[in-house]
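Engineer: Position 213 of the sequence shown, counting from 1, maps to 262 under the working numbering, and the rest follow consecutively.
Every residue, glycine too, gets a C-beta built ideally from N, C-alpha and C.
Given the structure is predicted, the values throughout are model-derived calculations rather than measurements.
Let me give you the structure first, and then I'll get to my questions.
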Amino acid sequence: MRFGQAQAKFSDLSMILVSHLHPDHSSDLPGVLWSGRNTRNDTLPIAGPSGNDAAPALNDFLTRLFDPKSGSWEVLSSVVAPGPGVKLDPRVVDVTRQEPTTVYDRDGVKVSAMGIPHGNLPTVAYRVETQGVTVVLSSDQNGTNPRFPDFAKGADILLMHLAIGVNANNPNQALPAVVGSVAQSANPKRLVLSHIGNFDLDAAVTDVKKNYSGPLTIGADLQCTQAK
């Protein structure tokens with residue numbers, strides 16, 4: 050819905066990036082593909098995590114959704130089967146790999162990916178570089194990957210999730226103070242806080258600022274943030 054409200058065009062997409070397979074991060078994929086199914090007739094790269102006992106790898110996830118005979122959304126089987134319309138080209142990111150993986154590098158856009166810890170569900174952060182601007186999308190994480198700050202180092206915009214409040218007990222998510230520490234180590238030109246849960250936001254932001262001294266924006270739907 051937000052994709053459409055932002056007047057974005059499916060035909061303009063270079064690729065789709067899936068962070069992980071929790072429903073709030075992946076369930077809109079069929080809707081986006083359905084809305085744009087008649088606007089392009091080419092291959093569309095889609096990146097996402099490798100699998101484990103808790104979740105399938107991206108390519109298996111797509112097969113389960115769109116297989117022509119057994120998929121949950123057989124009406125969209127054209128995205129993985131021969132025939133007219135856009136075809137998805139899965140790029141599976143090995144979340145156990147220590148170094149970043151380049152998942153896209155063409156037409157002036159480079160996208161790198163790195164596994165980040167989010168409970169037992171394979172999860173990926175992305176670094177997008179284009180036209181002299183770098184945006185790092187963290188997604189859910191608990192902040193314990195020591196390599197992530199280097200992955201995000203010097204980004205024009207670092208988007209991190211502030212999913213839990215002060216003193217929350219959730220080992221899958223980074224506490225506000227940890228979000229601040231990670232952001233301070235990465236030293237972006239601006240930190241954008243997103244995926245905000247139901248808690249005392251002012252107290253959480255205060256905790257973030259205890260460890261992070263740079264520019265900060267509270268994210269909101271359809272918000273525009275200048276990267277330069």
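Would a C-beta distance cut-off of 7 Å place residue 128 and residue 78 closer than the cut-off?
Structural biologist: No, these two residues do not count as a Cβ contact at 7 Å.
Engineer: Report the start-end ranges of each alpha helix (DSSP H) in the stretch 53-123 that is 4 residues or longer and not cut off at the edges.
Structural biologist: Taking only runs of at least 4 residues, the alpha helix (DSSP H) segments lying wholly in the stretch 53-123 are 72-75, 78-85 and 107-115.
Engineer: Measuring CB to CB, does residue 172 end up less than 7 Å from residue 68?
Structural biologist: Yes. Within cutoff.
Engineer: Of the choices 226, 187 and 236, whose alpha-carbon is the least far from that of residue 260?
Structural biologist: The option with the nearest alpha carbon to residue 260 is 226.
Engineer: Do you know whose CA, among 190, 180, 137 and 155, lies nearest residue 163's CA?
Structural biologist: Residue 163 has its Cα closest to that of 190, out of 190, 180, 137 and 155.
Engineer: Rounded to the nearest angstrom, how far is the Cβ of residue 153 from that of residue 63, given a contact under 8 Å?
Structural biologist: Yes, they are in contact, since the Cβ atoms of residue 153 and residue 63 sit about 7 Å apart, within 8 Å.
Engineer: Grab me the residues of residue 121's own chain with a C-beta within less than 6 Å of its C-beta, minus the 5 sequence neighbours each way, in chain order.
Structural biologist: 114.
Engineer: What would DSSP say about residue 196, mapped onto helix, strand or coil?
Structural biologist: Three-state result, residue 196: coil.
Engineer: For the beta strand (DSSP E) that contains residue 138, what are its first and last residues?
Structural biologist: Per DSSP, residue 138 belongs to the beta strand (DSSP E) from 136-142.
Engineer: Should residue 119 be labelled buried (16 or more other beta-carbon atoms within 10 Å of its own) or exposed?
Structural biologist: Classification for residue 119: exposed.
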